[in-house]
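*Asks:* Under my numbering, the first residue of the sequence shown is numbered 230, with each subsequent residue one higher.
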Amino acid sequence: MLSVIKRYSLQLVFTLSLLLGLQLPNFLQQYELRLQGHFVEAQQHLAEFQSLADKYFAGDLNVLITKHKSSKDSLYREEALVIENTYSRVQFLQQKMDNLNQPIWYRLGELTQQINDPIVNETWAGYQANVLLNQQAILVGLSVAILLMLSIEFFFYLVKLSFSNLLLRIRSKSKGSFHS
């Protein structure tokens, strides 16, 4: 009976991990679309300042920021922070956008490293689960399921091995104390 429960439990774990793995490319796609939206929005916001830099400082945004920072007027000094933050955000998002051309495994790895990123959290909050059965989704789904199953089997093997070693030690101690 225990083997039947184990077999069905493992089948359930495999199925659930397969479904989870099938969702990863879809989540990644929704995250990347949201990332693109944030990037476009930041670029549009920066474009207003860039046009001023183009007009007065030969396109050098850093000179515009420096000019604002050195102003006697506190409004311009505070505006320098807004420009600088927007510029930094565009550069940061540009780096993330550059990663979109990488293979899916790389992009999924990058996503797991950014799990607390506000855009990831925003994507999670608005996530719509879909089962897209394209080649990538099937490959990722099967990979996740197989890796999880191998990990579980390895864990069971280690537990069984540890339990067997414990039993051998108990037996050898009990034989040793029995002969004394």
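Glycine included, C-beta positions come from ideal geometry on N, C-alpha and C.
(1) Measure the CB-CB distance between Y285 and H297 and report whether it falls below 8 Å.
(2) Considering only the beta carbon of each residue, do L239 and M326 sit closer than 8 Å?
(3) Is the segment 242-256 close to the segment 359-368, with three or more CB pairs under 8 Å?
(4) To the nearest whole angstrom, what separates the beta carbons of Y356 and Q259, a pair I think is in contact under 8 Å?
(5) Near V292, what residues of its chain come up, given a Cβ to Cβ distance below 6 Å and the 5 sequence neighbours on each side ignored?
(6) Looking at C-alpha atoms only, which residue of R236, A358, L290 is the closest neighbour of A276?
(7) From Q320, F256, I234, pick the residue whose C-alpha is nearest to that of I344; which is it?
(8) L293 lies in the alpha helix (DSSP H); which residues open and close that run?
(9) Are S246 and A354 closer than 8 Å when you measure CB to CB?
(10) Determine the direct distance from the alpha carbon of N394 to that of S403, and round the result to whole angstroms.
(11) If you follow the alpha helix (DSSP H) that M230 is in, where does it begin and where does it stop?
(12) For Q324, which of E307, V360, F268 has the nearest alpha-carbon?
*Replies:* According to the data block:
(1) Along the sequence shown, read from residue 1 onward, the residue named residue 285 stands at position 56. Along the sequence shown, read from residue 1 onward, the residue named residue 297 stands at position 68. Contact: no.
(2) As a working note, residue 239 is residue 10 in the sequence shown. As a working note, residue 326 is residue 97 in the sequence shown. No. Outside cutoff.
(3) yes
(4) In the sequence shown, residue 356 corresponds to position 127, counting from 1. In the sequence shown, residue 259 corresponds to position 30, counting from 1. Contact holds; Cβ gap of about 6 Å.
(5) Along the sequence shown, one-based indexing puts residue 292 at 63. The answer, listed in chain order, is F286.
(6) Within the sequence shown, the letter at position 47 stands for residue 276. Nearest option by C-alpha distance: L290.
(7) Looking up residue 344 in the sequence shown gives position 115. Measuring from the Cα of I344, the nearest candidate turns out to be F256.
(8) Sequence index remark: in the sequence shown, residue 293 carries index 64 (1-based). Residues 290-298.
(9) Counting from one through the sequence shown, the residue named residue 246 turns up at place 17. Counting from one through the sequence shown, the residue named residue 354 turns up at place 125. No, the Cβ-Cβ distance between S246 and A354 is not below 8 Å.
(10) Start at 1 with the first residue of the sequence shown, and residue 403 comes out as number 174. Start at 1 with the first residue of the sequence shown, and residue 394 comes out as number 165. Those two C-alpha atoms are separated by around 14 Å.
(11) Taking the sequence shown and counting its residues from 1, the one referred to as residue 230 is at position 1. Element bounds for M230: n/a, residue is neither H nor E.
(12) By 1-based counting over the sequence shown, the position of residue 324 is 95. When each option's Cα is compared against that of Q324, the closest is F268.
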